[in-house]
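A.B. asks: In this note's numbering, the protein residues as written are 288 to 443. Before I ask anything, let me first share the structure, which is written out below as structure tokens.
Below, the structure written as structure tokens:
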């Protein structure tokens, strides 16, 4: 079964991996309906370091971000599905509205974001950079999004 860590477990794991000289990469998202865009994004993020840690937005934070009809899948399911991907080393569920606190505590070497962002719109950027890391923007797969999938389902 894929490993979904608690945040306390994850802090210990990241500290252990860092002592081994591993480069830590973090990213985060809702990952409500896993699709090709997500998979390619996570594969690219994994190439930026040695250990890929994915923060999964809690159900409450997804509702605040996406609306009352989301998420479609509960947080524990979303975390386990993402953890099952070969390119992902660890997942955890975060309950804050944004990833600032977890990047402050984990101090990743790299924090990856999707190409739908610009550096000035990444609220955790200061936290990443003040911890000595850098933010890297990755590309998007055109036409592949959860919102697009949901809209197609509604139309059919």
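Glycine included, every Cβ here is placed at the ideal spot set by N, Cα and C.
Can a CB atom of chain B be found closer than 8 Å to the CB of residue 406?
C.D. replies: The chain inventory of the structure shown lacks chain B, comprising one protein chain alone.
A.B. asks: Hey, which unbroken runs of the beta strand (DSSP E) at 3 residues or more fall wholly within the segment 339-423?
C.D. replies: Entirely contained in the segment 339-423, the beta strand (DSSP E) runs reaching 3 residues are, in chain order, 377-381 and 397-400.
A.B. asks: Buried or exposed: where does residue 365 fall if 16 or more other Cβ atoms within 10 Å of its Cβ makes it buried?
C.D. replies: Residue 365 is buried by the Cβ-count criterion.
A.B. asks: Below 8 Å on the Cβ atoms is my contact criterion, and I expect residue 342 with residue 310 to pass it. Report the Cβ-Cβ distance as a whole number of Å.
C.D. replies: At roughly 17 Å, the Cβ-Cβ gap does not stay under 8 Å, so residue 342 and residue 310 are not in contact.
A.B. asks: Whole angstroms is fine: what's the gap from residue 303's alpha carbon to residue 398's?
C.D. replies: Each residue's Cα considered, the two are about 19 Å apart.
A.B. asks: By the DSSP assignment, the beta strand (DSSP E) with residue 312 in it spans what residues?
C.D. replies: Unbroken beta strand (DSSP E) run through residue 312: 311-316.
A.B. asks: Below 8 Å between beta carbons: does that hold for residue 411 and residue 386?
C.D. replies: Yes, these two residues count as a Cβ contact at 8 Å.
A.B. asks: Please report the straight-line C-alpha distance between residue 339 and residue 322, rounded to a whole angstrom.
C.D. replies: Computed Cα separation, rounded: 18 Å.
A.B. asks: Going by the CB atoms, is the gap between residue 333 and residue 312 shorter than 8 Å?
C.D. replies: Yes, the Cβ-Cβ distance between residue 312 and residue 333 is below 8 Å.
A.B. asks: Please work out which residues of its chain come closer than 6 Å, Cβ to Cβ, to residue 380, disregarding the five sequence neighbours upstream and downstream, and give them in chain order.
C.D. replies: So the qualifying residues of the chain are 343, 345, 362 and 366.
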